[in-house]
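Numbering (the UniProt record's numbering), first residue to last: 1 to 277.
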Amino acid sequence: MLGLTAMFVRADALSSVKPSATNVMSQRFRELKVEHRDFVRLKIGGPDLDTADNIKKAAIDAINLGETKYTPVSSSPGLRKAIAAKFKREHGFEYSWRQVIVVTGGNHFLFDAFMATPNLGEEVAISASYWVSYPKMVTLCAGTLAFVSVTHENNFKIQAADLEKAITPKTKWFIFHLPSNTTGAAYAHDEMKALTQVLVRHPACLDSDRRHVRALTYGDFKFITPVEDEPKLYNSTLTMNGASKASATKDPLEQACRRIQRFCSNFAKDYIIWRLL
Numbered sequence: 001m002l003g004l005t006a007m008f009v010r011a012d013a014l015s016s017v018k019p020s021a022t023n024v025m026s027q028r029f030r031e032l033k034v035e036h037r038d039f040v041r042l043k044i045g046g047p048d049l050d051t052a053d054n055i056k057k058a059a060i061d062a063i064n065l066g067e068t069k070y071t072p073v074s075s076s077p078g079l080r081k082a083i084a085a086k087f088k089r090e091h092g093f094e095y096s097w098r099q100v101i102v103v104t105g106g107n108h109f110l111f112d113a114f115m116a117t118p119n120l121g122e123e124v125a126i127s128a129s130y131w132v133s134y135p136k137m138v139t140l141c142a143g144t145l146a147f148v149s150v151t152h153e154n155n156f157k158i159q160a161a162d163l164e165k166a167i168t169p170k171t172k173w174f175i176f177h178l179p180s181n182t183t184g185a186a187y188a189h190d191e192m193k194a195l196t197q198v199l200v201r202h203p204a205c206l207d208s209d210r211r212h213v214r215a216l217t218y219g220d221f222k223f224i225t226p227v228e229d230e231p232k233l234y235n236s237t238l239t240m241n242g243a244s245k246a247s248a249t250k251d252p253l254e255q256a257c258r259r260i261q262r263f264c265s266n267f268a269k270d271y272i273i274w275r276l277l
């Protein structure tokens, strides 16, 4: 181990990647917790809520039944079929279960997608605000960053003109939080229509991240996804959801992400699958 430490040379790609801000905050919290300080933890988006008893029981029952083995790379057909049915029930999306891939986290799946798609010099446009890991993942995967800014005057919502400026012939992906993490901004039908009419004119892939729909929509507000508003975007859209986390996409991208996942990470375990079902 000492010999390896002495010989270790960090990869060039890491020179432009700073430590995750959320991990830095978490480490600082752990240090201060030793001093018995009282905190309200708002660092990484994890609510102070316990897992529901029925979900705990399902996972425990699965473990007791021996459901602890490796699963298929994209997860079990049963869970993927259930997710496809959920997408159809809630949003009318006609995804085959074979287009669904289950991973161990949203960051994990986006990293798979970025590893599978942007080539050197191709751009990934990210809507502000965004999760701190996204730009770092793009950089590690040799992509070029572009950002679509928002302002307080526009209620932290992307404007069609700004989106049009951000997308170029080199743009491979547009990353879109719905509702936004961290501002909570959500788009009414006319606001979404203005954005989808820009997106439909460009060949870029769209990551429609809707993991916060249930947590960040209130009252009688009706959430609408880009694909619901403009079905022409179906073939270029990756839709992320979280249980956590589930994603559905077009077959070639699912196959490419499955290939990446096979070699770089673990699969969702049997007892996790039973918990989700």
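Beta carbons are placed, not taken as given, at the ideal position from N, Cα and C, and that holds for glycine. These numbers were taken from a predicted model, which means no experiment stands behind them.
CA-to-CA distance, residue j to residue i, given in whole angstroms
i, j, result
"residue 119", "residue 172", "9 angstroms"
"residue 227", "residue 89", "15 angstroms"
"residue 91", "residue 241", "12 angstroms"
"residue 154", "residue 174", "20 angstroms"
"residue 131", "residue 163", "19 angstroms"
"residue 109", "residue 206", "14 angstroms"
"residue 176", "residue 98", "24 angstroms"
"residue 101", "residue 191", "30 angstroms"
"residue 225", "residue 178", "8 angstroms"
"residue 133", "residue 142", "15 angstroms"
"residue 84", "residue 37", "45 angstroms"
"residue 139", "residue 26", "23 angstroms"
"residue 156", "residue 20", "23 angstroms"
"residue 80", "residue 199", "28 angstroms"
"residue 67", "residue 113", "29 angstroms"
"residue 50", "residue 58", "15 angstroms"
"residue 150", "residue 124", "17 angstroms"
"residue 167", "residue 137", "19 angstroms"
"residue 219", "residue 229", "21 angstroms"
"residue 244", "residue 34", "Confidence at residue 244 is low in this model, with a pLDDT of 48, below 50, so its placement is unreliable and no value can be given for it."
"residue 146", "residue 161", "15 angstroms"
"residue 185", "residue 148", "14 angstroms"
Simplified DSSP assignment, three categories, for residue i
i, result
"residue 177", "strand"
"residue 139", "helix"
"residue 271", "In this prediction, residue 271 scores a pLDDT of 48, lower than 50, which makes its location untrustworthy; the coordinate-derived value is nonetheless stated afterwards. Residue 271: helix per DSSP, three-state reduction."
"residue 132", "coil"
"residue 23", "helix"
"residue 236", "helix"
Residue closest to residue i, alpha-carbon to alpha-carbon, out of the options
i, options, result
"residue 231", "149, 93, 60 and 160", "93"
"residue 188", "159, 222 and 165", "222"
"residue 197", "233, 51 and 71", "233"
"residue 194", "170, 169 and 158", "158"
Residues bridged to residue i [DSSP beta-bridge criterion]
i, result
"residue 124", "145 and 173"
"residue 206", "174 and 237"
Where residue i falls, given that 16 or more other Cβ within 10 Å makes a residue buried
i, result
"residue 28", "exposed"
"residue 121", "exposed"
"residue 126", "buried"
"residue 288", "The chain is shown only over 1 to 277; residue 288 falls outside these bounds and no answer can be derived."
"residue 60", "exposed"
"residue 238", "buried"
"residue 53", "exposed"
"residue 12", "exposed"
"residue 70", "exposed"
"residue 77", "exposed"
"residue 24", "exposed"
"residue 96", "exposed"
Contact with chain C by residue i, beta-carbon distance below 8 angstroms
i, result
"residue 222", "Within the model displayed, chain C is absent; a lone protein chain is all it includes."
Cβ-heavy atom distance, residue i to the ligand ZN, below 7 angstroms
i, result
"residue 111", "This structure lacks the ligand ZN; in fact it carries no ligand of any kind."
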